[in-house]
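There are 2 protein chains.
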Amino acid sequence: MSQDFAPIKRKRLSDEVSAQIQVRIASGELRSGDKLPPERELAEIFGVSRGAVREALRNLERTGLIALQAGARGGAFIGQGDPGLIGDSFRNLYQLGSVSLDELTEARLWLASTVVRIACARATDADLAALTANVDEAERLLKARRYDDKIDIHIEFHNLLARATGNAVMAMLMGALMEVMRDFAHAAGGERNDLTIKARRRLLAALHKRDADAAVTAMTEHLESLRGRYRDRMKPHRAKAKGMN
Amino acid sequence: MSQDFAPIKRKRLSDEVSAQIQVRIASGELRSGDKLPPERELAEIFGVSRGAVREALRNLERTGLIALQAGARGGAFIGQGDPGLIGDSFRNLYQLGSVSLDELTEARLWLASTVVRIACARATDADLAALTANVDEAERLLKARRYDDKIDIHIEFHNLLARATGNAVMAMLMGALMEVMRDFAHAAGGERNDLTIKARRRLLAALHKRDADAAVTAMTEHLESLRGRYRDRMKPHRAKAKGMN
DNA sequence: ACATGTTTATTGGTCCGACCAATGGAAAGT
DNA sequence: ACTTTCCATTGGTCGGACCAATAAACATGT
């Protein structure tokens, strides 16, 4: 036993409280819809101040585990999680310089390939209809020169496609990456040509024919060309982080 | 103008504060390593109580945007984000019943296929050496009957492979999914046979030969069989959430 | 001079007690 | 029976106090 004394972890009270509640959730003791005791009671139970309890609850709220609601029948209710947090995480990592734009677009391209292949096999008629409607809408917006609105529709296309895989996790992963893409798509300004529309028409045709290889090709080629254009347009908007160590 | 009066958003002060700070970060005005003014000053600047500022800072800390440090030269420092939060999000979504175990394993399988294909093309000698060392270690633990420790090594294998793609985003995505896998791998108890080891040896051989198809096959077959075994062993550990709307 | 211990100023961490604001149900009035 | 008013409950905010950690400035001893 050379150097393994005590780690000495000065944990914050609020973190201790939120940890205990989280354990109750992980164990299944607390489930979606359940209500926690009021802050004042929790303070007494845990033997800490209401402020500490409050910080714990706010943390859990931020994590999407609970939702706070004021008023008579209000309180802290166990929620269902928030898929949007995944996208937020990536946004932060990008803004803080921990991941690059190039890595994001590359990962997105890889994910999109998988998505389109799976979706090609599983997409329902309703999925295909929604995708078609989406492209129609995008074309309408393009003609109306509403380039900024078009971006959101384009992003929605990828989300629809990901949902067509029938796998919520995959939909969330793609959704997260697309959230970051949204940011700099708006920053870079929307495309004003119809290349995307045409590529999507080809993709839809392949999907209807259940031709996975053609669908993947259509998707990949389009994203590759987009990637090239973005790379030219977006100068790195941040100098490399100077280590804070 | 039929019904578009005022949205009436009763935002919390602390959220308003954290939002303003976040904007400064997004705009690049605040960068990794920068220090925010002390809580008491921020309270005066924003014209709110110190408690409100504190909640805002704790929220940002939870998000990985800042790190709080007590003491004389302490304060709130802009951080670099925390990739672990992505895994936490999925863990929460799973625990709260918003995503199923099956969707997680399926998405993991898809991602792993992509990862192994890319890694096959890009892995450096150092990557391959690390992967080989990992499998050796796993074999050692298996012989020592340290099944629980073996799980973590097995998970590390996937992370190493993902890192071998050279894409940090992909490594984070895989890392996040594997974090959830870790939970129920431990809950289900580690495998006690050497099937995984053998599959990994085949995978490594394919990687060394840069035979992408063989590598993908080795990975996929193994994960598929694992998936089948898990499905038998893990009964859904939670009844379907009764909606709380 | 140098090393070591002590003080002190700074800053996050916690607590208390009070009051405000939202909300739904109970009581009162019609 | 319906509407209005009131009230208890519960989160949201505040101010001020004190504790705890920390590093710099200072004092002390060799």
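Chains as they are written, first to last, in the working numbering: chain A, 1015 to 1259; chain B, 1015 to 1259. We treat Cβ as the ideally placed atom computed from N, Cα and C, and that holds for glycine.
Query: How should residue 1200 of chain A be labelled, buried or exposed, when 16 other C-beta atoms within 10 angstroms of its C-beta is the threshold for buried?; Result: exposed
Query: Determine the chain A residues that contact residue 1184 of chain B at a beta-carbon separation under 9 Å, and present them in chain order.; Result: 1117, 1120, 1121, 1124 and 1125
Query: Can you find a CB in chain A that lies within less than 8 Å of the CB of residue 1251 of chain B?; Result: Confidence is the limiting factor: at residue 1251 of chain B the pLDDT is only 49, short of 50, which leaves the residue's position unreliable and the question unanswerable from this model.
Query: May I ask you to verify whether the region 1230-1248 of chain B touches the region 1201-1216 of chain B, counting CB pairs closer than 8 Å and requiring at least 3?; Result: yes
Query: Determine, for residue 1181 of chain A, whether the minimum Cβ-Cβ distance to residues of chain B falls below 8 Å.; Result: yes
Query: Bridge partners of residue 1091 of chain B, per DSSP?; Result: B/1049 and B/1081
Query: Distance cutoff 8 Å, beta carbons only. Does residue 971 of chain B sit that close to anything in chain A?; Result: This structure gives no information on residue 971 of chain B, because the portion of chain B shown stretches from 1015 to 1259.
Query: Using a Cβ distance threshold of 8 Å, determine whether the region 1060-1079 of chain B contacts the region 1146-1159 of chain B, with at least three qualifying pairs required.; Result: no
Query: For residue 1097 of chain B, which option in B/1242, B/1076 and B/1082 has the closest C-alpha, if you only look at C-alpha atoms?; Result: B/1076
Query: According to DSSP, is residue 1241 of chain B part of a helix, a strand, or is it coil?; Result: helix
Query: Using a threshold of 8 Å, state whether the C-beta atoms of residue 1093 of chain B and residue 1110 of chain A are closer than that.; Result: yes
Query: On the premise that residue 1179 of chain B lies in contact with residue 1128 of chain A, defined as a C-beta separation below 8 Å, what is that separation, rounded to the nearest angstrom?; Result: Contact flag wrong, Cβ pair sits at about 14 Å.
Query: Drop a sphere of 10 angstroms on the beta-carbon of residue 1037 of chain B, count the other beta-carbons inside from all chains shown, and report buried for 16 or more, exposed for fewer.; Result: exposed
Query: By the criterion of Cβ-Cβ separation under 7 Å, what are the contact partners of residue 1109 of chain A in chain B?; Result: 1039 and 1040
Query: Under 8 Å between C-beta atoms, does residue 1242 of chain B make it to chain A?; Result: no
Query: Which chain B residues sit within Cβ distance under 7 Å of residue 1113 of chain A?; Result: 1182 and 1183
Query: Please work out which residues of its chain come closer than 6 Å, Cβ to Cβ, to residue 1123 of chain A, disregarding the five sequence neighbours upstream and downstream, and give them in chain order.; Result: 1237
Query: Work out the CA separation of residue 1089 of chain A and residue 1177 of chain B for me, nearest whole Å.; Result: 43 Å
Query: Closer than 7 Å by C-beta to residue 1188 of chain B: which residues in its own chain qualify, once you throw out the five before and the five after it? Chain order, please.; Result: 1125, 1129, 1172, 1173 and 1176
Query: Answer with yes or no whether the minimum CB distance from residue 1173 of chain B to chain A is below 8 Å.; Result: no
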